[in-house]
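Mind the numbering: the sequence shown is residues 1 to 170 in UniProt numbering, read in order. Ideal placement from N, C-alpha and C gives every residue a C-beta, glycine not left out. Accompanying notes for the structure given below.
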Amino acid sequence: MEHQYIELGYIIGKGGAGVRGIFLNTQRKHKSGNRTSSKTLCVVGNKKGVIGYGYASGGADKMRAKDKSLTVAKKSIFKFNRGSGSWETSDAKEEHSLPFKVEGKVGAVRVILIPAPKGTGIVASKELKKVIQLAGIEDVYCNVRGSLKNRLGATKALIKALDKTTRMRG
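Structure representation (structure tokens):
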């Protein structure tokens, strides 16, 4: 099983320039000063149709948040169906894409996954591409409706869309 951390937070450097980081740092006011907490999002997969994700807070300790999200991700693993759903693909036995078009929605973010012919690759944003690669999908079109700045919502919607491949349509 491999794991990846999704870049959620934003670290401000010198001169106001910033860099994306895996920790989402938040602060709340207390009478003794500001209390910080760190959150991380971890995705686990085996590149063969098994995936899971974990989102956890570790309080002020960043490494605790990192370890906690990995543990939660390993506990939420599920298997989904892969296939060759594109009408342009001749060999239907290879499992390089999805069996059909699926859609996942979390909050205001909607992720639509469309099967692609062999050799197309993953057409998605950088962070969603990490998740799709961990899932073991080689060829797919990924369409995001809503804000992609909300990476947590986009990742959750992507996982929800993959989970819909195991359910019957009705």
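Problem set entry | Contact set for isoleucine 114: own chain, Cβ-Cβ below 6 Å, skip 5 residues either direction | Position 114 of the sequence shown, counting from 1, holds the residue named residue 114. Around isoleucine 114: Lys101 and Tyr141.
Exercise. Ends of the beta strand (DSSP E) at isoleucine 155?
Worked result: Residue numbering aside, residue 155 sits at position 155 when the sequence shown is read from its first letter. With the sequence shown as reference, residue 155 is identified as threonine, and isoleucine is not the correct amino acid for it. Segment 151-163 is the alpha helix (DSSP H) holding threonine 155; no beta strand (DSSP E) there.
For this session: Indicate the three-state DSSP secondary structure (helix, strand or coil) for glycine 15 in the structure shown.
Result: Taking the sequence shown and counting its residues from 1, one reaches residue 15 at position 15. Helix.
Exercise. For serine 32, which residues of its own chain have a beta-carbon under 8 Å away from its beta-carbon, when the five flanking residues on both sides are left out?
Worked result: Locating residue 32 in the sequence shown gives position 32, where the first residue counts as 1. Correct list: empty, nothing qualifies.
For this session: Please determine, among Ala56, His30 and Gly83, the residue with the shortest C-alpha to C-alpha distance to threonine 166.
Result: Position 166 of the sequence shown, counted from the start, is the residue given in the question as residue 166. Closest option to threonine 166, Cα to Cα, is Gly83.
For this session: Would you decide whether alanine 17 is buried or exposed? Buried here means 16 or more other CB atoms lie within 10 Å of its CB.
Result: Against the sequence shown, residue 17 aligns to sequence position 17. Alanine 17 should be labelled exposed.
For this session: Go through the stretch 44-117 residue by residue and report every complete run of the beta strand (DSSP E) that reaches 3 residues or more, in order.
Result: 50-57, 102-106 and 109-115
Exercise. Is it buried or exposed for leucine 128, if we count other Cβ within 10 angstroms and need 16 for buried?
Worked result: Within the sequence shown, numbered from 1, the residue matching residue 128 stands at position 128. Counting Cβ neighbours within 10 Å, leucine 128 comes out buried, since at least 16 surround it.
Problem set entry | Residue of Gly9, Gly13 and Ala60 minimising C-alpha distance to arginine 28 | Position 28 of the sequence shown, counting from 1, holds the residue named residue 28. Per the Cα distances, Ala60.
Exercise. Secondary structure at lysine 29, three-state DSSP: helix, strand or coil?
Worked result: Your numbering for residue 29 matches position 29 in the sequence shown. If DSSP states are grouped into helix, strand and coil, lysine 29 belongs with the strands.
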